[in-house]
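These notes concern the structure reproduced below.
In the working numbering, the protein residues as written are -1 to 392.
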């Protein structure tokens, strides 16, 4: 990644996004930049410190901010409070930027409590052929475990080191992701110790609109998308249909655990995510009708990690991955998004993401494995998912 140089430009009421991000990174300030699906503008928050949350903290009681959670329950959830928010349009930031000039980062952790172990892990990444052989063997073991009755589905993942192009421009890449993924949560997050993460996630985990409407989705199944393809005519294999149905069943089982019967379900339907297509079903709950104002927090605890990123049954699938996957997922397949910003919460699974390092990016991808999985095809699916990011690097 290109080195961040000491910023010399003066921040005005409106300033280039690249200059504002440069100032914040030079000061080692936590920040989150994101664009919600279907929106033309992005939102930027910059803070002096990062809070740690427990799994029991209710999102409804949090101040406006951005949540950034790892995959593993063993590590804390991080929260950037949005005391300063800016609107970003066409690469220009608007707001009281003078406050950023005087902001000084606070030390959020006592000695020995760094989050470095959470996300700045350095996985041993094998060469391409070794990586392929390892992943195909992992899928084969997954199918064997399914046939032995240990679980119905599991989602093995892998990490890939990709060189950044000469003169890599982080902000231009963010803008490119926004253009390539209009229906995704596109994000750029910097947290000291955790590093810089960027991605374009198509999978909503928990959405709460003005305390009135709760939403989540069941997203699974993957195939390449060619522009102009009639979505209603897309054919899906039995394996992909079954994989998506398992995610639906998992969500419905969570509703049943809390005795929630009043929900609507629409789908599955084919949706586009960059250069890929998926099967998606949408679930909606009227919070006033059900008198369940904290459903967002309750479902967040129940859903994560979903069967779309871990497996089903959850416990055995998670243990299998812990034993065989071979690396720390860090924040990949955790969750992230704005909380209580403009009275809305939009939390997504952290998919199609990469961690930016000096000169290279760590990219992450996985594939849902069922009894009908073919190992070579699951490898190809992870390669397709990597391509959604590599094509946006500028």
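For each residue, glycine too, the CB sits at the ideal point set by N, CA and C.
Because the structure is a prediction, the values reported are computed rather than measured.
Where does residue i fall in DSSP's three states?
{"i": "residue 25", "result": "coil"}
{"i": "residue 106", "result": "For residue 106, the predicted model reports a pLDDT of 48, less than 50, meaning its position is unreliable; a value from the coordinates is still stated below. Residue state, collapsed to three classes: coil."}
{"i": "residue 116", "result": "In this predicted model, residue 116 has a pLDDT of only 44, less than 50, meaning its place in the structure is not dependable enough to derive any value."}
{"i": "residue 390", "result": "coil"}
{"i": "residue 12", "result": "strand"}
{"i": "residue 258", "result": "coil"}
{"i": "residue 382", "result": "helix"}
{"i": "residue 377", "result": "helix"}
{"i": "residue 398", "result": "Summary: the structure shown does not reach residue 398, with the chain confined to residues -1 through 392, and so no result is reported for it."}
{"i": "residue 133", "result": "helix"}
{"i": "residue 349", "result": "coil"}
{"i": "residue 393", "result": "One cannot answer for residue 393 here, as it falls past the ends of the chain, which runs -1 to 392."}
{"i": "residue 193", "result": "strand"}
{"i": "residue 330", "result": "coil"}
{"i": "residue 140", "result": "helix"}
{"i": "residue 278", "result": "strand"}
{"i": "residue 315", "result": "helix"}
{"i": "residue 309", "result": "strand"}
{"i": "residue 93", "result": "coil"}
State yes or no: is the C-beta of residue i within less than 8 angstroms of the C-beta of residue j?
{"i": "residue 44", "j": "residue 23", "result": "no"}
{"i": "residue 89", "j": "residue 15", "result": "yes"}
{"i": "residue 29", "j": "residue 40", "result": "no"}
{"i": "residue 390", "j": "residue 171", "result": "yes"}
{"i": "residue 163", "j": "residue 136", "result": "no"}
{"i": "residue 229", "j": "residue 282", "result": "no"}
{"i": "residue 377", "j": "residue 84", "result": "no"}
{"i": "residue 314", "j": "residue 149", "result": "yes"}
{"i": "residue 78", "j": "residue 294", "result": "no"}
{"i": "residue 358", "j": "residue 161", "result": "yes"}
{"i": "residue 34", "j": "residue 341", "result": "no"}
{"i": "residue 324", "j": "residue 151", "result": "no"}
{"i": "residue 145", "j": "residue 36", "result": "no"}
{"i": "residue 209", "j": "residue 386", "result": "no"}
{"i": "residue 183", "j": "residue 199", "result": "yes"}
{"i": "residue 143", "j": "residue 384", "result": "no"}
{"i": "residue 260", "j": "residue 288", "result": "yes"}
{"i": "residue 252", "j": "residue 300", "result": "yes"}
{"i": "residue 364", "j": "residue 380", "result": "yes"}
State the Cα-Cα distance for the pair residue i and residue j, rounded to the nearest angstrom.
{"i": "residue 312", "j": "residue 73", "result": "18 angstroms"}
{"i": "residue 195", "j": "residue 75", "result": "15 angstroms"}
{"i": "residue 392", "j": "residue 173", "result": "10 angstroms"}
{"i": "residue 350", "j": "residue 362", "result": "7 angstroms"}
{"i": "residue 169", "j": "residue 20", "result": "10 angstroms"}
{"i": "residue 80", "j": "residue 236", "result": "45 angstroms"}
{"i": "residue 426", "j": "residue 128", "result": "The displayed coordinates of the chain run from -1 to 392. Any statement about residue 426 would go beyond what the structure contains."}
{"i": "residue 71", "j": "residue 53", "result": "8 angstroms"}
{"i": "residue 48", "j": "residue 211", "result": "29 angstroms"}
{"i": "residue 112", "j": "residue 188", "result": "With a pLDDT of 39 at residue 112, under the threshold of 50, the predicted position of this residue should be treated as unreliable, though the coordinate-derived value follows. So the two alpha carbons sit approximately 15 angstroms from each other."}
{"i": "residue 138", "j": "residue 130", "result": "12 angstroms"}
With contact counted as at least three CB pairs below 8 angstroms, one residue from each stretch, are the stretch 64 to 78 and the stretch 331 to 338 in contact? Yes, since at least three Cβ pairs between the stretch 64 to 78 and the stretch 331 to 338 fall closer than 8 angstroms, the two stretches touch.
Can at least three beta-carbon pairs, one atom from the stretch 362 to 372 and one from the stretch 93 to 105, be found at a separation below 8 angstroms? Short answer: they don't touch.
Check whether the stretch 217 to 233 and the stretch 241 to 253 are in contact - that is, three or more C-beta pairs closer than 8 angstroms. Contact between the stretch 217 to 233 and the stretch 241 to 253 is present, with at least three C-beta pairs closer than 8 angstroms.
At a cut of 8 angstroms, does the stretch 220 to 229 reach the stretch 270 to 278 through at least three beta carbon pairs? Contact holds: three or more Cβ-Cβ distances are below 8 angstroms.
Runs of alpha helix (DSSP H) lying entirely within the stretch 202 to 268, each at least 4 residues, in chain order: Runs found: 236 to 255.
Where in the stretch 19 to 91 do unbroken runs of the beta strand (DSSP E), each at least 3 residues long, occur, reported from the N-terminal end onward? The qualifying runs are 29 to 33, 40 to 44, 49 to 51, 63 to 67, 75 to 79, 83 to 87.
Alpha helix (DSSP H) runs contained entirely in the stretch 155 to 200, provided each spans 4 or more residues: Runs of the alpha helix (DSSP H) inside the stretch 155 to 200: 168 to 178.
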